[in-house]
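There are 2 protein chains.
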Amino acid sequence: MSPKGIAILGSGIFAKEAHLPAVAALNSGVAELKAIYSRSEKSATELATAAQQSLNLNEPPSVYHDADPNANIDALLARPDIAAVIIALPITIQPSIVRKALAAGKHVLSEKPVAPDVASGIELINEYNTTYKPKGLIWRIAENFEIEPAYQTAAKMVRGGKVGKVGFFNARVVGYVAKDNKYYNTPWRTIPDYQGGFLLDGGVHTVAALRVLLPGTMVSLSGYASLNQPHLAPHDTINATIQTTDGSHGLVELTFGSPVPSRSTLANSGITVTGSEGWISIVNASNADGKGVLRITVRTVTKDEKGRDNGETEEVIEEEVRGVKVEVASFLDAINGSDDGFGEPLGALKDVAFIQAALNSNGAPVDLVKLVQQ
Amino acid sequence: MSPKGIAILGSGIFAKEAHLPAVAALNSGVAELKAIYSRSEKSATELATAAQQSLNLNEPPSVYHDADPNANIDALLARPDIAAVIIALPITIQPSIVRKALAAGKHVLSEKPVAPDVASGIELINEYNTTYKPKGLIWRIAENFEIEPAYQTAAKMVRGGKVGKVGFFNARVVGYVAKDNKYYNTPWRTIPDYQGGFLLDGGVHTVAALRVLLPGTMVSLSGYASLNQPHLAPHDTINATIQTTDGSHGLVELTFGSPVPSRSTLANSGITVTGSEGWISIVNASNADGKGVLRITVRTVTKDEKGRDNGETEEVIEEEVRGVKVEVASFLDAINGSDDGFGEPLGALKDVAFIQAALNSNGAPVDLVKLVQQ
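In structure tokens form, the structure reads like this:
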């Protein structure tokens, strides 16, 4: 099979720090990065230069940007040698670019969230299902937590009954966003034109991890949202309680509104799932080489010959954080006919629905299943 | 003032390990322990013997029990030399004994919860307010977390604005109750005839601490309850989200349903309250002498001359756990005309209402204010 021609649309922090290395990590001969698009020429050129270096190319990928009508996004999408695009653009811009790319016959991997809100997500998904999927086009959402090997490993354990019947769970993400935070200083994040601010942008990851881990489907959410640090408007904090189809329930605490760094560093952020026979925790950590890992710890009850509890066992698994690499490789595999089912837009829509529900619940239960069926 | 004659009604674990030492810690001349009542003679005699020793008495307090009609609880309450009783009896028995004691003209300090459910609590409180309070009788609920110096210290800081405007809070208690746990083996706790089991019995403490700490009144609760360890029926776990009158919100996780001890020891149980300018945490710990303390840590933002965040300060305060001692002393003070307002039955009723709401919410918001006005 000849390498697929691909392009990266967007040249922000994540395109540079995550997507480009993921493309560089692809097996040789799988893809050829042919073009970079950004609204600004400067930014696109910078990423193209970085790409030439990291991909060891003879010349940089072609640069497309809004100022040149002969080298704008439409020109890029008109190229027959580009089969697929990776989109990492501002949240509210993405849906229109996804549409454009699909209409141009490109396979698409677009960054989460699938859309800024549930209604526009449903619209886009319906359009894809009706018009583009039948043509064999792949559209996936880059939800790296969903495909992250650590969550997949933990999910297999939990769903396989390792901790017994799941009873309750807990997800906590406590962030501190200083005014000089690099993500905060992306203009579209400083004054977001979408619900939830960082809660939508970052929160969907945690929801995706829960979606993967829990044997039951999250069906009802009651919660509260608030703004605690004015520079993070409209909201920076969600507290919610959730019920799943198997009767388990949990608490989700998402906040980027820490008043000081210690509120984040000492928060013991992470996920726990507790069952009748044990519990599992998944936390961010560093391994001996200083590499970012997700550390899974499973502790399960042991019994004596009469069936009485007499202790517990502990198992620790560390998985290097590599979800973006895996998702880009998996996207290329899907284009080449080997689809493992990750990155389904409907899954990503459920993550947006969760955040939207939490932002609007004000204590009342929101039916998460109905919400994505609007 | 001559010492008040007092009696302890109940001779279980808490009467022995907490109330007796609290009586022993009273200033000399404040009270004289004259009698012990228990349903069983053996148990009452044991506590009387322990009391003689720890209070350094010439003879043990008189023993009253159910088998002897001349030395039963009515005989005890008929004694004119006994002015006040401390009641630590099974949850469902207490209200009738509180009534009996008040009717006999005794001041009463009765263990939390004020009643097994909100309705019976309201009934009892109304009866007290109508019939006994006008006679000058004191009735207090022994809710030691409410009066615990650490929570009072932390409350002063939070309510005084130390962490800025309170935005969100978190209370987590994760317990492991083995089948050989000493409290679990109190017969009335093994098969409880009241809602919530340990969640009512122990959970009201955490709710009381929040009630003291938060500047806003907790007005709405949405949550879920479940049973994860069958020996703890009817319920062992609550997950709830709460809103207060000042718009702050929080999460409460109460569980005694840990499948293994590590789920409890590694849970980072405790309370945090986060405001716009800092946060406070209160956790159980041991001090240098190995004594049980509550450790309060307050961290607040510091600003440069232009008002920009430039760091944070940390303040740690450790308070010896001594709520029961303080509450017994305060009860005697109140009898002697110096009432500091602690132990109000209505406060304790709110704690029961919280647990009852969490057990019955099933995700729907419960109005906590209305619930205590039934």
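Residue numbers (our numbering), protein chains in the order written: chain C, 1 to 374; chain L, 1 to 374. All residues carry an ideal CB built from backbone N, CA and C; glycine is no exception. A quick note: this is a predicted structure, and the numbers were derived from the prediction, not measured.
- Of the candidates L:R299, L:G197, L:V98, L:G197 places its Cα closest to the Cα of L:P234.
- Each of L:G12, L:K133, L:P215, L:A7 was checked against the Cα of L:H249, and the nearest Cα belongs to L:P215.
- Neighbours of C:G167 across chain L, judged by C-beta separation under 7 Å: S226, N228, T237, G257.
- Around L:T190, the same chain offers Y184 as residues with beta carbons nearer than 7 Å, after the five sequence neighbours per side are excluded.
- One thing to note: C:I138 has its Cβ within 8 Å of the Cβ of C:A334.
- Around C:D66, the same chain offers R39, N72 as residues with beta carbons nearer than 7 Å, after the five sequence neighbours per side are excluded.
- Buried is the label assigned to C:V118, since at least 16 other Cβ atoms lie within 10 Å of its Cβ.
- Beta-bridge partners of L:L33 (DSSP): L:I6.
- Three or more beta-carbon pairs drawn from the stretch 200-211 of chain L and the stretch 143-154 of chain L are found closer than 8 Å, and the two stretches are therefore classed as touching.
- In the structure shown, L:Q243 falls within a strand segment according to DSSP collapsed to helix, strand and coil.
- In the structure shown, C:M157 adopts helical secondary structure according to DSSP, grouped into three states.
- Comparing alpha carbon positions, the residue from C:G29, C:A31, C:A48 closest to C:Y37 is C:A48.
- Cα atoms of C:G323 and L:L227: separation of roughly 35 Å, rounded to the nearest angstrom.
- Under the three-state reduction of DSSP, C:R308 is assigned to coil, being neither helix nor strand.
- With the rule of 3 Cβ pairs closer than 8 Å, the stretch 302-318 of chain C does not count as touching the stretch 333-348 of chain C.
- Residues are counted here when their Cβ sits less than 8 Å from a Cβ of chain C; for the stretch 243-254 of chain L these are Q243, G247, S248, H249, G250, L251, E253, given in chain order.
- Annotation: L:L349 to C:G275 spans about 32 Å, alpha carbon to alpha carbon.
- Nearest neighbour of L:P192 by Cα position, chosen from L:S361, L:R99, L:A103, L:P90, turns out to be L:P90.
- Annotation note: the stretch 146-199 of chain C contains the following uninterrupted beta strand (DSSP E) runs of length 3 or greater, listed N- to C-terminal: 166-174.
- Of all residues in the stretch 19-34 of chain C, none places a beta-carbon less than 9 Å from a beta-carbon of chain L.
- The C-alpha of L:V326 is placed about 16 Å away from the C-alpha of L:V108.
- Judged by DSSP secondary structure, C:A75 falls within the alpha helix (DSSP H) whose first and last residues are 73-77.
- Within the stretch 200-223 of chain L, S220, S222, G223 place their CB atoms closer than 7 Å to a CB of chain C, listed in sequence order.
- Per DSSP, L:E253 is one residue of the beta strand (DSSP E) stretching across 249-255.
- For C:G29, the closest C-alpha among the options C:E344, C:A329, C:P345, C:G341 is that of C:A329.
- Its Cα nearest to that of C:E277, the residue L:P259 stands out among L:I271, L:P259, L:L266, L:V273.
- Residues of chain L whose Cβ lies closer than 7 Å to the Cβ of C:S262 are, in chain order, R299, E312.
- For secondary structure counted as the beta strand (DSSP E) over 3 or more consecutive residues, the stretch 51-135 of chain C holds these complete runs in sequence order: 62-64, 84-87, 107-111.
- Under a 10 Å Cβ-count criterion, C:M1 is classified as exposed, with fewer than 16 other Cβ atoms of the shown protein chains found around its own Cβ.
- Distance check between C:G121 and each of C:G105, C:P95, C:E111 places C:P95 closest, using alpha-carbon atoms only.
- Where C:G223 is concerned, the enclosing beta strand (DSSP E) starts and stops at 218-226.
- Listed as beta-bridge partners of C:E318 by DSSP are C:R295.
- In the DSSP assignment, C:V372 falls outside any beta strand (DSSP E) and carries neither an H nor an E.
- For the stretch 265-282 of chain C, the beta-carbon criterion of a distance under 9 Å to any beta-carbon of chain L is satisfied by L266, A267, N268, T272, T274, G275, S276, E277, G278, W279, S281.
- The beta carbon of L:A364 sits closer than 8 Å to some beta carbon of chain C.
- Here the alpha carbons of L:G223 and L:F169 stand approximately 15 Å from one another.
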